[in-house]
Amino acid sequence: MRDDGLLIHRFHVGDLACAVISDGQPGPPLEPELSSFFTPGSGVPEPELAAAVAAEGLGRRTLTCGYNCLCVETPDGLAVIDTGLGKDFLGYGPYFRPLVGRLPDGLRAAGLPEPAAVVLTHLHEDHVRGAVWPGEPAYPGAVGHVHAAELAFWSSAAESALPEQRGPAREAIRVLGERLRPFTYDAEILPGLHTVEAAGHTPGHTAYLVRSRGERLLCLGDTFYDPLQLRHPSWRTPWDWNAARSVRSRRRLLALAAAENLLVHAYHLPFPGLGRIERHGDAFRWRPTVVAA
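Just so you know, we're using numbering that gives the first Met the number 0 here: the sequence shown kicks off at 0 and counts up by one.
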């Protein structure tokens, strides 16, 4: 953490220089209640949530929901994976506004070049708005990358499909326009950056495998929001487009990360969201490899 409040963590994956830059880490009292993420309507009965929190032994009621943007300096230029909420965001209320939109300042403070690529796990507003918040591309020289199914779904989504996210997704598609490059799974979209199937949270939700000289990092986007979802991988949230498929993707990706001891990047965990996944009986647990001071 820097003295000016910016959160920047640098590291390498093989020859690829990487950094996690926080777009914001809102703390109490703005941390969301766990019960708003894991609800009876999404398949988590209140007694089950209460028992899981009690077993955790931390005495918490809220979820630390940050926005950890992953930057990878590829041979083709800087790629930023997910871009946060952007400046002037009022969607969660006026008190939230100054706490997010830190990515541009973080890029400058880190001395990183203008992004050549904006790579999106999906088109929910807390992942894409930072690329389009002025009503025009925030990084005009950057090409956007998003899964073809994600682009098609939000471009033609019925009025009843995730209505709270439909407007921001369509706005991002409009603003990025011809800069958007659709891809498929199991593709290398930039040198060292490979797409991994993670659908369920949204139709084209994508994980990314960063790979260089035998070292690997798995960027999981919204595969999980909180370590409780590792201990209870069947838990869904109200924002999952296809609940059953999101569970299948989560179990598969967590099993992969645990079996191959992959470094993992988690977008919403406390900064910098880097850790490893371990098997824990029939479920998993989170082991952070870096804890911010």
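A virtual CB, placed ideally from N, CA and C, is assigned to each residue, including glycine.
Suppose you measure from the CA of residue i to the CA of residue j; what does that come to, to the nearest Å?
i: R212; j: A171; result: 35 Å
i: E187; j: N260; result: 21 Å
i: R96; j: F182; result: 33 Å
i: A243; j: A78; result: 31 Å
i: G90; j: R9; result: 30 Å
i: A63; j: S248; result: The sequence shown places Thr at residue 63, rather than the Ala named in the question. So the alpha carbons of these two residues sit roughly 23 Å apart.
i: T201; j: L189; result: 23 Å
i: M0; j: T288; result: Any reading at M0 is ruled out, since the residue's pLDDT is 44, under 50, leaving its predicted position unreliable.
i: V263; j: E214; result: 12 Å
i: L227; j: R275; result: 15 Å
i: G23; j: E72; result: 22 Å
Which residue comes first and which comes last in the beta strand (DSSP E) that contains residue i?
i: G23; result: 15-23
i: L48; result: That residue, L48, is in no beta strand (DSSP E); its alpha helix (DSSP H) goes 45-55.
Is residue i helix, strand or coil by DSSP?
i: P136; result: coil
i: R249; result: helix
i: F95; result: helix
i: R101; result: coil
i: S293; result: This structure leaves residue 293 out entirely; the chain is present only between 0 and 292.
i: W153; result: helix
i: F223; result: coil
In the DSSP assignment, the alpha helix (DSSP H) including residue i goes from what residue to what residue?
i: H126; result: 124-127
i: R230; result: 227-230
i: V174; result: 162-175
Please tell me whether residue i and residue j are closer than 8 Å, where the distance is taken between their beta carbons.
i: Y138; j: A148; result: no
i: V118; j: H144; result: yes
i: G203; j: V174; result: no
i: A257; j: R278; result: yes
i: P25; j: L102; result: no
i: A282; j: P232; result: yes
i: T236; j: F88; result: no
Is there a C-beta anywhere in chain C that falls below 8 Å from the one on residue i?
i: N67; result: Of the protein chains in this structure there is only one, and it is not chain C.
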